[in-house]
Structures are given as C-alpha cells and as structure tokens.
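First up is the structure itself, then whatever we jot down about it.
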Amino acid sequence: MNGPSSTPDRNSACSKPAADSVEFGTSADGFPVARIGDILLGLITNGSGDFFLASAWRFTKPLAEARRHHFFRHDGRIGSEAAFRARAIETAEHMSELSSLARVQTRMAASTPWGGSQLAMIYAEGVVSHSTSGHGGFHLSSDRNLLIDASVRSAGGWYEEDCEWAIVALTFPDIFTGYERRCATRSPKTLFRPSGRSFAVVSLNRGNPDRNIARPSSATMPTIGSGYRPSPHLTIQA
Numbered sequence: 001m002n003g004p005s006s007t008p009d010r011n012s013a014c015s016k017p018a019a020d021s022v023e024f025g026t027s028a029d030g031f032p033v034a035r036i037g038d039i040l041l042g043l044i045t046n047g048s049g050d051f052f053l054a055s056a057w058r059f060t061k062p063l064a065e066a067r068r069h070h071f072f073r074h075d076g077r078i079g080s081e082a083a084f085r086a087r088a089i090e091t092a093e094h095m096s097e098l099s100s101l102a103r104v105q106t107r108m109a110a111s112t113p114w115g116g117s118q119l120a121m122i123y124a125e126g127v128v129s130h131s132t133s134g135h136g137g138f139h140l141s142s143d144r145n146l147l148i149d150a151s152v153r154s155a156g157g158w159y160e161e162d163c164e165w166a167i168v169a170l171t172f173p174d175i176f177t178g179y180e181r182r183c184a185t186r187s188p189k190t191l192f193r194p195s196g197r198s199f200a201v202v203s204l205n206r207g208n209p210d211r212n213i214a215r216p217s218s219a220t221m222p223t224i225g226s227g228y229r230p231s232p233h234l235t236i237q238a
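Start counting the sequence shown at 1; every next residue gets the next number (the UniProt record's numbering).
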C-alpha cells in the first residue's frame, strides 16, 4: 500500500524510551544514519536534491563505517534530517510494541485467493496473515469474521494486504501496534464505511495468559516507510 509520508504521533511518555533505544550517527559517506536493534536506517540523497529512507539489516560495524552500498532497501522519500530522526524513533516505538504482541510466524498449507500460502503470521486465534508469491492478506475464522462490521465484511473472511487489511486492524486494534493502527485509519478502505459510522472495536484481550500463544519469531524485521502492508515479515514499506 502506498500512502503519504507521516510524522510520528507520540506523547513524551512513550517517545523518550524509544528515543533512548536509537543510536544516531553519521556514515563514512557523510549522510545521517540510525540503528535500532538489528535495523540500520540511512538518509540518502538521490543526487537531485531529494532524500529517501534506506535500510539495512544486521550491520554490526560502527555507524561511522556505514556506506551507501550497505543499504539494500528503499523505504520512501523523506523531507529532512529532522523527519528522518522522527521516523527512526517511530520505528523504535513500533519494534517495542511488536515485542509485546503474541505473533507467531509459521508455515501452513492454505489456499488463498492469491495462491498457495508460502508463509503465515498468526496474530491471534482466528486471525492469520498469509503471504504468497505475488500478494497476500488476512484470513479470519468464521467466528472472528462475524465480528467485522457487516458493511465491510468479506463473505469468505479474506482481506487483501493493500487496503482491506485496515478493516482487520480497526476491528481488532489490540493485536496491532500504534503505528499500524494509524496507518489503518488513513487507508482508502476506511472510506467505504457508511457516512458518520465507526467500526465496532473488538478486544481480543492480548494480555490474557489463557491464550497461550508464543512470542514473535526473531525473524521479524520491521522498517517504517510511508505506508503499511502487513505480511508475515512485518515489513513496513513505501
């Protein structure tokens, strides 16, 4: 899903610990960089005066040794160094919230509207995101699907990853991060709601120990670009 660039919407209570977890610096090529856990972000110019957010994975050297060729992913345009620093802090917040969720990455035999499932992420009982070779989306069990507002409910319980995923996030907000929920409210799919009507919010009570769902896989690698497309890899893209 493509979307407009966003600046973090945070309060001081949650932004300070997130900021403390970000290591800022300057690369060997002179551009700003930031490290959050295993993720390295860089503010790189395209040579025409525009900047974009780039990311790398598991760069273990000092930040001062980072070079442009270490970055392999383009995560959208960004306007300034201040916006870059804000995006890095937002990424840290997102990662911190992910660690408190009970998502489980796995493989399961499933036929989806977009092909056979290659990888799946269990968000909660009855809420699963599938990735295929070309596309992906969420599948809800019949009982979970009945909790979706009838005006936007999919008969088969399938919600594709570009826009319809927002229906799932808005209905079950407690199994999504704050960043994901903000992206959901900006999704074009939210425009399909009847005028003046809001989704019914359903709590899946993620803090209930009886759910007995394992912690997320260590393979999770989120980066924050200008939009969100949920996938088993939890990669946030431009």
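We put the beta carbon where it would ideally sit given N, CA and C, even for glycine.
### Task
Decide if the segment 78–91 is in contact with the segment 23–32; the criterion is three or more beta carbon pairs, one per stretch, under 8 Å apart.
yes
### Task
Could you round the C-beta distance between residue 122 and residue 103 to whole angstroms and report it? I think they count as a contact, below 8 Å.
Here the question's residue 122 lines up with position 122 in the sequence shown. Here the question's residue 103 lines up with position 103 in the sequence shown. Residue 122 to residue 103, Cβ: 7 Å. Contact.
### Task
Under 8 Å by Cβ, that's how I've got residue 144 and residue 126 pegged, so tell me the actual separation to the nearest angstrom.
Residue mapping note: residue 144 aligns to position 144 of the sequence shown, counting from 1. Residue mapping note: residue 126 aligns to position 126 of the sequence shown, counting from 1. Right, their Cβ atoms sit about 4 Å apart.
### Task
Return the residue from the list 187, 109, 53 and 177 that minimises the CA-CA distance to residue 71.
Against the sequence shown, residue 71 aligns to sequence position 71. Measuring from the Cα of residue 71, the nearest candidate turns out to be 53.
### Query
Using the beta-carbon count (16 or more within 10 Å), is residue 60 buried or exposed?
Here the question's residue 60 lines up with position 60 in the sequence shown. Per the 10 Å Cβ criterion, exposed.
### Query
DSSP puts residue 27 in a beta bridge; with which residues?
Here the question's residue 27 lines up with position 27 in the sequence shown. Its beta-bridge partners do not exist; DSSP assigns none.
### Query
Do you know how far the Cα of residue 18 is from the Cα of residue 130?
Along the sequence shown, read from residue 1 onward, the residue named residue 130 stands at position 130. Along the sequence shown, read from residue 1 onward, the residue named residue 18 stands at position 18. Residue 130 and residue 18: Cα-Cα distance of roughly 30 Å.
#### Entry: the segment 33–51 in contact with the segment 88–107 per 3-pair CB rule at 8 Å
yes
### Task
Have a look at 98, 148, 141 and 185 and flag the residue whose alpha-carbon is nearest the alpha-carbon of residue 171.
Indexing the sequence shown from 1 puts residue 171 at position 171. Nearest C-alpha to residue 171: 148.
### Query
Using the beta-carbon count (16 or more within 10 Å), is residue 110 buried or exposed?
Sequence index remark: in the sequence shown, residue 110 carries index 110 (1-based). The residue is exposed, with fewer than 16 neighbouring Cβ atoms inside 10 Å.
#### Entry: residue 136, enclosing beta strand (DSSP E) - first and last residue
By 1-based counting over the sequence shown, the position of residue 136 is 136. Counting along the chain, the beta strand (DSSP E) containing residue 136 begins and ends at 136–140.
### Query
Secondary structure at residue 162, three-state DSSP: helix, strand or coil?
If you number the sequence shown from 1, residue 162 lands on position 162. Coil.
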